[in-house]
Each structure stands twice: as C-alpha cells, then as structure tokens.
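Numbering (our numbering), first residue to last: 76 to 448.
A virtual CB, placed ideally from N, CA and C, is assigned to each residue, including glycine.
Below is one structure; the comments refer to it alone.
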Amino acid sequence: MFSSLRHQTRLTRNLVNSHVSNVHWFFPHVRAVTTATTAAPKTDPGGTNGTAQTAHHTKSVSEEELLPKPPSGQKTDSGRWGGKNAWKLGFLSLSCSALFGFGFVVALWGPPEKNEDGTLKEDEYSRMSTPIAYICRAWGSLSDFNQSIRDPVSEKLLPDPVQPPYYQPPYTLVLEINDILVHPDWKFRTGWRFKKRPALELFLQQLSPYYEVVAFTNESAMTGGPVLMQMDPQGQYIHYRLFREATRYKNGKHIKDLSCLNRDLSRVILIDWDSEAASLQPRNALIIKRWQGNESDRELIDLAAFLRMLAMGHVEDIRDVLEYYKGFDDPLALFRERHEQLMEEEAKRREEYAKAAAKRPRPRFSFSGMSRS
C-alpha cells in the first residue's frame, strides 16, 4: 500500500515538474517553482487524505506561482515616454521643430545682400556680430514681408489721368460689386452663382459718360474677375478693376484705401454697404443698404439719378454733399423723396406759368401800319 502511494506521489511530482518546464520555456521570466513540491506530503493511515493534500498543494502552486510577473526594475506602464510622460516627447518634438524652423529662416533671410560685383552690401546690421546680425536681418525681412501682405500691391493703383485731346471724366466712381451690383447665391445643384441686380446695365450706361467707373471689391481676382467679365465683357463701362490684393489689411478687415487711387479725393465717390471698408476716408463714402437678391429692387435707378445730379451740378468738393447725406439711415430714400418734391414743385411752376400766360392779353398788330393797338 505504501509503495503504491509512493509511486503515485512520484508520478504527480514528475507531472508538475514537466508542466513547470513547459511554462518556463514559453515564459523565461517566470520564476521556477519546482521546489514547491519537493517536500513529501504527510500521509494518513487511510491512504486517501495524503493524495488529496498532494493534489491540493499542486493546484495552489500552479495558480499562484506560475503567473507571469514583470522582471525586477521594469515599470508597469508603456515605457519611459508613455503614459504620464507622453507630454515630454511632444514638447521635445515641438522644440526641435521650432529650432529647426528658426535656423532655416535665419539661414534663408539672414545673409546680407550682394552688389553686382559680388561684394557684400553694408546695412544697419553690418557692425554687429555675425550671429546677431543674421538674426536681426532675418527679423527685419519677416517684418517687411508681413507689411507687404497688409499693404496694397502699389501706392498708385490707377494710372495717371489722361491729358487732352483724350477725355478724362471729371469724377471717379468706386463700386463694390458684392451685394451692390450682384448677389452671390449658393444652391446644391448649381453651386455658387451671381445674380445681377435689376437695372444694372442701365445704371452703368447712364454713369459712364460722367464718371470714371472703378470696380473695387474685397474678393480675390480669381473670384471677382469672371464676374466682372460677364458684367462688362468689352470693358465699355467699367474702366478699371481692383481686387483684394489692392486693399489694405488692418485689424482683420480689408479696407479700401482711396488715397492709393492716384486721383483727387475731392472728386472720388465710394459706393459700398460696409462702412468699415471706407474707414480710412469716410467722407468719400456713400453707404447704402445691402442688396439681398430681391427681384423688385429699384435702388440702382435712384442711385443713378443721384449721381447724375451730382455730376451735372459740377460740385467742386463732392465730400460736402456726401457728408450731408451721411446723417440719414437711407440716403437714397431721402433723395427720392426730395426729388419727387422737386418734380412736383417744378410741375406746379409750369402749370402756374401756363395759366398766367393764358390770362395775359395777346398783342394785336395792324397790317396797315406798324402801330400796335
């Protein structure tokens, strides 16, 4: 009986050692547990309790000791640059990128300019040390580049006025095209399309003899150019076309600087719906309501009549007249009312003159002589 029990114990020990060897082969970092079963279990006279204790002891060893454990000295997180330390890697990458970009800009714009013979030009940074001079010169170039983006492309956006015998209109009319002459409209089927304002052709035809018409818009040339080409294909009415590149960028706004038009500001009128676009020369601006695409709109007819009246009146300084109308919310409505009153008064005067002429006695002439009776 005891020999049989020893034989079963020996078989159990061999089975456990074989299982541990296999686990150790697959997981080298697992600590060996063969010593856990080296002690012989106690046996009882019944012969069954000893076997149960051996099996129970073997089971506890397998569950607790065979679990893989990390080697000593190794962290349980994802590594040195993982987890809570990930921001360090990001900060290091950002710093390296900024340092590389700074070095590239200094190397590109830091060297001094050269003369035609290849010698270096002297500037305000030539007396500084080479590293400081390169940094200051690159910073100055960046500032100049930034300013060139903000300023108009030229200080003279229009050519000089023509001289006799050519005809130069006495006044210059600057028009914003978006929501003044056309209205951009987007639909899912057609995309972006521009709707022409009612009476647009009549408006341009009536004003072209009196004004030098300039289209000045905040749109880019890629967007506004085709619109103006469709509006005036032959260039008969719109003499010049200026786009976003000709504006002055200030405080996040594209401003139309009329001083760069190369024209006398006392004879320049800007028609726009945005008062901020004319903030540099507010006295030259006539701010009207924004057109939202209404088909029954007739504002261009009233505007054409108003501008014709100014041109035919030979006003010396157009800004004085515009300053008066600026105090009203709708200057064209005010002009329309006064124009109607003027027409009514003119009609009354003509009617009174006709009545007075009818009551006046007609002179009679005699054919026998030159006397009048």
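Which of helix, strand or coil DSSP assigns to residue i
{"i": "V237", "result": "coil"}
{"i": "W184", "result": "helix"}
{"i": "Y200", "result": "coil"}
{"i": "F291", "result": "strand"}
{"i": "I313", "result": "coil"}
{"i": "I344", "result": "strand"}
{"i": "D254", "result": "coil"}
{"i": "L279", "result": "helix"}
{"i": "K401", "result": "coil"}
{"i": "D260", "result": "strand"}
{"i": "K189", "result": "strand"}
{"i": "Y242", "result": "coil"}
{"i": "Y286", "result": "strand"}
{"i": "T247", "result": "strand"}
{"i": "G165", "result": "helix"}
{"i": "L217", "result": "helix"}
{"i": "G178", "result": "helix"}
{"i": "L195", "result": "strand"}
Host beta strand (DSSP E) of residue i (start-end)
{"i": "R272", "result": "That residue, R272, is in no beta strand (DSSP E); it is neither H nor E in DSSP."}
{"i": "I362", "result": "A360 to I362"}
{"i": "Y324", "result": "R323 to K325"}
{"i": "K328", "result": "K328 to I330"}
Distance between residue j and residue i (C-alpha atoms, nearest Å)
{"i": "P244", "j": "Q238", "result": "11 Å"}
{"i": "G185", "j": "S229", "result": "26 Å"}
{"i": "Y428", "j": "A380", "result": "26 Å"}
{"i": "L355", "j": "K328", "result": "12 Å"}
{"i": "A274", "j": "I376", "result": "7 Å"}
{"i": "K434", "j": "R425", "result": "14 Å"}
{"i": "E374", "j": "Y286", "result": "18 Å"}
{"i": "F403", "j": "L233", "result": "32 Å"}
{"i": "K401", "j": "D392", "result": "15 Å"}
{"i": "E398", "j": "Q309", "result": "35 Å"}
{"i": "D33", "j": "N337", "result": "The question about residue 33 has no answer, for the chain in this structure spans 76 to 448."}
{"i": "R383", "j": "T265", "result": "38 Å"}
{"i": "G388", "j": "R394", "result": "14 Å"}
Range of the contiguous alpha helix (DSSP H) that encloses residue i
{"i": "H414", "result": "P406 to K434"}
{"i": "T298", "result": "A296 to M306"}
{"i": "R383", "result": "E374 to M387"}
Cut-off 7 Å between Cβ atoms - residues of its own chain near residue i, not counting five sequence neighbours on either side
{"i": "W267", "result": "P259 and W261"}
{"i": "A182", "result": "none"}
{"i": "L407", "result": "I363, E374, D377, L378 and F381"}
{"i": "V390", "result": "V396"}
Cβ shell of residue i (< 6 Å), same chain only, five flanking positions each side left out
{"i": "A213", "result": "V180, V181, W184 and G185"}
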